[in-house]
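In what follows, a structure is listed as structure tokens, so that the remarks can point back to it.
4 protein chains.
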Amino acid sequence: MNFISDNTAGASPRVMAALAAANDGPASGYGSDDWTKRVEERLSALFEREVAAFLVTTGTAANALALASVVKPWGAVLTHEESHIVEDECGAPEFFSNGAKLVDLPGTGGKLTPEAVARALGYLNEGSFHNVQAQALSLTQATECGTIYTPEEVRALKQAVAARRLTVHMDGSRFANALVTLGCTPAEITWKAGVDVLSFGGTKNGAWAVEAVVFFDPAQADEMKWRRKRAGQTLSKGRFLGAQFEALLAEDHWLDLARHANAQAKRLADAAVDGGQARLAWPSQANEVFLILPAATQARLEAAGVRYHSWPGRSLAPDNALREGEIVGRFVMSFATEPADVGRLIATIAG
Amino acid sequence: MNFISDNTAGASPRVMAALAAANDGPASGYGSDDWTKRVEERLSALFEREVAAFLVTTGTAANALALASVVKPWGAVLTHEESHIVEDECGAPEFFSNGAKLVDLPGTGGKLTPEAVARALGYLNEGSFHNVQAQALSLTQATECGTIYTPEEVRALKQAVAARRLTVHMDGSRFANALVTLGCTPAEITWKAGVDVLSFGGTKNGAWAVEAVVFFDPAQADEMKWRRKRAGQTLSKGRFLGAQFEALLAEDHWLDLARHANAQAKRLADAAVDGGQARLAWPSQANEVFLILPAATQARLEAAGVRYHSWPGRSLAPDNALREGEIVGRFVMSFATEPADVGRLIATIAG
Amino acid sequence: MNFISDNTAGASPRVMAALAAANDGPASGYGSDDWTKRVEERLSALFEREVAAFLVTTGTAANALALASVVKPWGAVLTHEESHIVEDECGAPEFFSNGAKLVDLPGTGGKLTPEAVARALGYLNEGSFHNVQAQALSLTQATECGTIYTPEEVRALKQAVAARRLTVHMDGSRFANALVTLGCTPAEITWKAGVDVLSFGGTKNGAWAVEAVVFFDPAQADEMKWRRKRAGQTLSKGRFLGAQFEALLAEDHWLDLARHANAQAKRLADAAVDGGQARLAWPSQANEVFLILPAATQARLEAAGVRYHSWPGRSLAPDNALREGEIVGRFVMSFATEPADVGRLIATIAG
Amino acid sequence: MNFISDNTAGASPRVMAALAAANDGPASGYGSDDWTKRVEERLSALFEREVAAFLVTTGTAANALALASVVKPWGAVLTHEESHIVEDECGAPEFFSNGAKLVDLPGTGGKLTPEAVARALGYLNEGSFHNVQAQALSLTQATECGTIYTPEEVRALKQAVAARRLTVHMDGSRFANALVTLGCTPAEITWKAGVDVLSFGGTKNGAWAVEAVVFFDPAQADEMKWRRKRAGQTLSKGRFLGAQFEALLAEDHWLDLARHANAQAKRLADAAVDGGQARLAWPSQANEVFLILPAATQARLEAAGVRYHSWPGRSLAPDNALREGEIVGRFVMSFATEPADVGRLIATIAG
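Chains as they are written, first to last, in the numbering used here: chain U, 1 to 351; chain S, 352 to 702; chain F, 703 to 1053; chain C, 1054 to 1404.
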């Protein structure tokens, strides 16, 4: 039983079928193919406004290209201290932006707060050439702790940075998982709430390797074609990217895939809370469950061959701290997670 | 009839089948999967020595990562003025290397000569802090003009840079096409002739998107895992890359695909030469044919809806210069090129 | 009365005299002049071991070049959240290092603690390609809060990072001021305590514009000549730098200058504590005094035309927090500070 | 006798006197001092229009900051293959610009021609994301071969790049020497002829270390304050820079210094041509003389202890090629060159 990540799965059958269907005959290269063009149109429709979208192969590339497009080399990006861009991208944002600074902020459950953001802005002098300049805020939806931001919360963050005109970036590698929980439209949780640029994840959702950088203000995308090419992210057989994303978006396949993953997470979260053999580190609001596991539970999981990540406890609320012998375990559900496996996992935890 | 490029095709059926077969069940992420591991072993066997190999999605990424691994930011890379790294990668090598300089050298048929290399080295003072330091030579196999280097020619270039200890990089986005013409082993045209690091192309050969950076001295690869990740080129579902490359290498599929492409190129080159309605810009030695096309031939091609690229004539030999009204046309064959199309193309040129 | 900074002064008369004396006749360029050579030798003698030293014009350049020499682009530098490299260099370390990350740590009085360092290292996975790699620790001597590290404290920090083999950098823009308080040898507070590379400040000490990057392991300096030149920091008339630093070091002029500045700071600190019209934010251990100023005192200072910087209170100890109306004011003494001005300042504060 | 360079001299007595005069009392830091402000105003007057000027310490920094301000990381700068930015700055322009490409063009006497520029532009596709984008042209005044561009020649280059809207940069490390030969106004040879940004040299002209980056369109300077600081080029004791440049500009001191240097060069050039023991490699139009020296002349120079640089002959006109045993020798005059030394040099050459 493997709950390590939502990227241990392959591609969804519909994505594979779309690839096979896209494989005949010649197609224009470098993103000028029909599949990609259709995706670009589809994204404008989905978000209810003209967007500029760029397909790339990884979330790291999507985030780094998005941020490099909106901050100067002497810019600063306010972000959570456990965000993916800080913890898991080996400095890609700094590389792509030629040295912009990620300002790492604390926050329970992986979430930024307007207070922490305001405090940080207070230390970053506007206009002074001595200081890096706060130019973007990056939030993760769903967060690295499996929590989500409501539109109101996004709006509050936007307000906290509005006077300084920061660009708001959303790392949406699990955007679909957040969206199906929120039950709102893609527009409502993005540009209508203040998001300027979105890394729209496809890979964890059920593709092989595709993410879209979506600019809600196309003017901010003016240089992306050069940035993407120069980063080695402009695939010559661009239809490979277009076909994957098109398959995800067709007939709400992406939302169906996310609903499955989230439902499995909910089963586990509900059961764990009830059973008493574990407790939630943070509310499980998407497709990840973070459980505080006593030693005995850890032992049962190991005996059963359950694979999961242990996770840092930095974002735990003070009243939910780890006790002796406890660790935080991360269990991730994907479109491919077998309900029977979740059942066995629940039973194992229950003991 | 589309002869624009060898990347207008999709993936070979065997590559698609391998992907489908690789799609079941969970797999380790980020290149630690079984497919990738098997490819790494297979490459060591293929090249008859221990190599360090890293799979990435594009040739631009492969070249830029390879070069950034072997030159300092103040390093210089000697290369042909029409090489892909100079002309078609939007400055990716400079970006990945933090500003190394590509020193662009002339040469007939897209090929570097020991003389041009020696002349360039004469202007790059060794050890002086005023000057960028010559640290690598990059040659393309097959070249952007469809010609190839023999092992002897590679060896001569190696000798030209040996006293200065330059690392020799081979951009092998069409490595398979060169190899089947040469009829030698992969080892003979690479490390045995002096190549230190190879961008081993899969995409143009019949994959969706996979290239291998192959270091013949694994010590030069010590930092690649960080460089690749930081470049957004470490795919989470790494088996997607591994499965493609494994399918190419299995049962010499890659060589079969290249032989088909080269054979179609040879048909066109032979016919064009015989017909008198076009002449070769350079010998056609791989899967590309560069024809000098008089105006009348251009008109017939246009009327027949034949798609091809017009090409700069910088690398033409002095005794083969363009005459009034002539252009150079590039016709590229791939694994998917239909022989019947080539027949029609030949007939169209013949008039 | 101007207590804004120790760089509002010009150069000490002896430095000016040395420049005038150095101005005759031709001299070798780019740091190969006799003055620079003598400084390099003098620094080895001063530090009681063979060092590699490089003169540059600013502290920002010294710090950024030092750090870029010892960390990879994917490296991380542990440092205090209010250090000069974080707060006052507009991202120069990130620029020079091609994107290394400064990990900002809290600490009372601007000082790093082994505990904070150990905690940060716990979040930076060693060897993982997902994460930036902790490769250096940078401490400031004297700190931005006017405090100093003892050799024991430096040694404790070295110990905290020894298992991870981090390079220890000391930002010594006020090295002289720290040293005269400590009363130890330059060797004792640097390499004997674990420092690997020092930014040895000259400008604030009494020069126009000169700092030395001193590598205690010359092997770490192998690439500096290229880095410095490429940064536009290799002056053609290098004797200008050499002559300044030589004048500082001659007959302990640098220590005399620092002693004067520190003595003035001590007068102010002592008086402020006694008077009750202000209190120390942190112990005044070098040439800076940080006073917590009630509103009435602020008013008197303004009325008297006293110029000083107000300062963030982030590094205040919890039991010394700001009360209603209070601010932290920074008063900096230099070699040129007039004792009479300090007297007037003291009287103004006393009211 | 040392004719190695115009940077082997120190500073002119008037520059030293100005420094001494500027050394009293406190002054605002980081370029906000009165000396620097006066220089900025003076430069606007000198160039007969509002300019944005930034003082830095080296020509390498001035050039690299100027170019980084006007090209994107994927930009290309057309320049002579023997220009200082290509040959003598260790890749600083690439570093500061995050990887822009210098496109090296041939030309007799170190000069760019509209034809070479047009040819290069033909290979750099505008707007294509595959290619670096031609965004600047950099010419050197006086050139590295001691020749100069007339306003008409600058205008012709501007015209050659006008359709592509390239920014024209002038590397004027020897601007004064060119100007006194031309006899025109600073405005006529810069913005009136099409120059957008000038590296205005002070160091070779008689300062210790100061250059001004002068933007004729202040809008192009919007980011310079961050770029300069981040490069470690914003001196805290900024009056050191301001006082030097002010002294140069006062009462046309800079032009007097250049006239002396040029006059000495003219003496040598005239004598060498007459004597038959050497011939000019290129016309001597500023303060440098490049002589083609037969073996016998070389021997006499060596015997007499004359120091000069031997120089590459790449820019020689075909009808002035080196013959057996000949080399090109560079003799540079400065404000400090003793006329008697030039007399001895002439006699030595004459034999």
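Every residue, glycine too, gets a C-beta built ideally from N, C-alpha and C.
Keep in mind the model is a prediction, meaning the values are calculated, not measured.
Option in the options with minimal Cα separation from residue i
i	options	result
F/Gly848	F/Glu828, F/Gln835, F/Leu868 and F/Ser875	F/Ser875
C/Asn1116	F/Ala864, F/Ala878 and F/Ala933	F/Ala933
C/Asp1275	C/Glu1101, C/Glu1094, C/Ala1121 and C/Tyr1083	C/Ala1121
F/Lys739	F/Arg866, F/Arg961 and F/Leu943	F/Leu943
F/Ala669	F/Val882, F/Asn827 and F/Val916	With chain F covering 703 to 1053 only, the question about residue 669 of chain F has no answer from this structure.
S/Ala513	S/Ala544, S/Ser635 and S/Gly552	S/Ala544
F/Arg856	F/Ala889, F/Ala836 and F/Phe831	In the sequence on display, residue 856 of chain F carries Val and not Arg. Here the closest residue by C-alpha is F/Ala889.
U/Gln141	U/Asp217, U/Asn320, U/Glu288 and U/Ile349	U/Glu288
C/Pro1126	C/Gly1160, C/Thr1111, C/Ala1187 and C/Val1109	C/Ala1187
U/Thr234	U/Gly29, U/Asp24 and U/Ser12	U/Gly29
C/Ile1242	C/Ala1272, C/Gln1273 and C/Glu1205	C/Glu1205
F/Val915	F/Pro728, F/Ser714, F/Val753 and F/Asp735	F/Val753
F/Gly1027	F/Thr1050, F/Ala1001, F/Glu948 and F/Tyr1010	F/Ala1001
C/Arg1360	C/Ala1374, C/Ala1349, C/Asn1373 and C/Gly1382	C/Gly1382
F/Ser785	F/Glu953, F/Met872, F/Glu1004 and F/Ala1023	F/Met872
Interface residues of chain F facing residue i [CB-CB closer than 8 Å]
i	result
S/Thr585	Phe831
S/Asn449	Pro775 and Asn800
C/Ser1058	Gly731 and Ser938
Partner residues on chain C for residue i, Cβ-Cβ distance less than 9 Å
i	result
U/Arg239	Under the 9 Å cutoff, chain C gives no residues; its nearest Cβ is about 18 Å from U/Arg239.
S/Pro663	Gly1175 and Tyr1176
Residues that residue i bridges to, as DSSP identifies them
i	result
U/Arg307	U/Asn2
C/Val1207	DSSP lists no partner for C/Val1207.
C/Thr1132	C/Asp1157 and C/Ser1191
C/Arg1449	No statement about residue 1449 of chain C is possible, as the shown extent of chain C runs from 1054 to 1404 and does not include it.
F/His871	F/Ser840 and F/Val899
CB contact check: residue i to chain D, cutoff 8 Å
i	result
F/Asp924	The structure shown contains no chain D; its protein chains are U, S, F and C.
Within chain C, partners of residue i - CB distance below 7 Å
i	result
U/Lys229	Phe1182 and His1183
Cross-chain neighbours of residue i in chain S, by beta carbon under 7 Å
i	result
U/Trp208	Lys588 and Phe591
Chain-ordered chain S contacts of residue i [CB-CB under 8 Å]
i	result
U/Gly343	In chain order: nothing, as chain S lies at least about 17 Å away.
Listed by chain order, chain F residues near residue i by CB distance under 7 Å
i	result
S/Lys388	The premise fails here: S/Lys388 is roughly 16 Å from chain F at the closest Cβ pair, so nothing lies under 7 Å.
S/Lys576	Phe831
Proximal residues of chain S, C-beta to C-beta of residue i below 9 Å
i	result
U/Asn205	Correct list: empty, because the minimum Cβ distance to chain S is about 12 Å.
Proximal chain C residues relative to residue i, where beta-carbon distance stays under 8 Å
i	result
F/Asn704	Pro1079
For this session: Taking only beta carbons into account, state which residues of the stretch 637–648 of chain S come closer than 8 Å to chain C, listed in chain order.
Result: none
For this session: Examine the Cβ distances between the stretch 742–751 of chain F and the stretch 972–986 of chain F and report whether three or more of them are shorter than 8 Å.
Result: no
For this session: Determine contact between the stretch 1067–1081 of chain C and the stretch 993–1008 of chain F, defined as no fewer than three beta-carbon pairs at a distance below 8 Å.
Result: Inter-segment contact for the stretch 1067–1081 of chain C and the stretch 993–1008 of chain F is absent: fewer than three beta-carbon pairs are separated by less than 8 Å.
Problem set entry | Members of the stretch 803–823 of chain F that neighbour chain S once the beta carbon cut-off is set at 9 Å | Taking 9 Å as the Cβ-Cβ cut-off against chain S, none of the residues of the stretch 803–823 of chain F qualify.
Exercise. Using Cβ-Cβ distances below 9 Å, what residues of the stretch 1208–1238 of chain C are close to chain U?
Worked result: Cβ contacts with chain U come from no residue of the stretch 1208–1238 of chain C.
Exercise. Any contact of the stretch 1150–1169 of chain C with the stretch 195–206 of chain U, i.e. 3+ C-beta pairs under 8 Å?
Worked result: no
For this session: Inspect the CB distances between the stretch 953–969 of chain F and the stretch 1163–1183 of chain C and report whether three or more fall short of 8 Å.
Result: no
Exercise. Would you call the stretch 87–96 of chain U and the stretch 829–839 of chain F touching, i.e. three or more CB-CB distances under 8 Å?
Worked result: As far as the Cβ criterion goes, the stretch 87–96 of chain U touches the stretch 829–839 of chain F, which means the pair count is three or higher.
For this session: With 8 Å as the limit, tell me which residues of the stretch 784–797 of chain F have their beta carbon closer than that to any beta carbon of chain C; keep them in chain order.
Result: Within the stretch 784–797 of chain F, the residues whose Cβ lies closer than 8 Å to some Cβ of chain C are Glu791, Cys792, Gly793, Ala794 and Phe797, listed in chain order.
Exercise. Quick check: the stretch 704–715 of chain F against the stretch 662–670 of chain S, are there 3 or more CB pairs under 8 Å?
Worked result: no
Exercise. Closer than 9 Å, Cβ to any Cβ of chain S: which residues of the stretch 16–29 of chain U, in chain order?
Worked result: Met16, Leu19, Ala20, Ala22, Asn23, Asp24, Gly25, Pro26, Ala27, Ser28 and Gly29
For this session: Report the residues of the stretch 314–333 of chain U with a CB closer than 8 Å to any CB of chain S, ordered along the chain.
Result: none
Exercise. At a Cβ cut of 9 Å, what residues of the stretch 1097–1111 of chain C count as close to chain F, listed as they run along the chain?
Worked result: Val1109, Thr1110 and Thr1111
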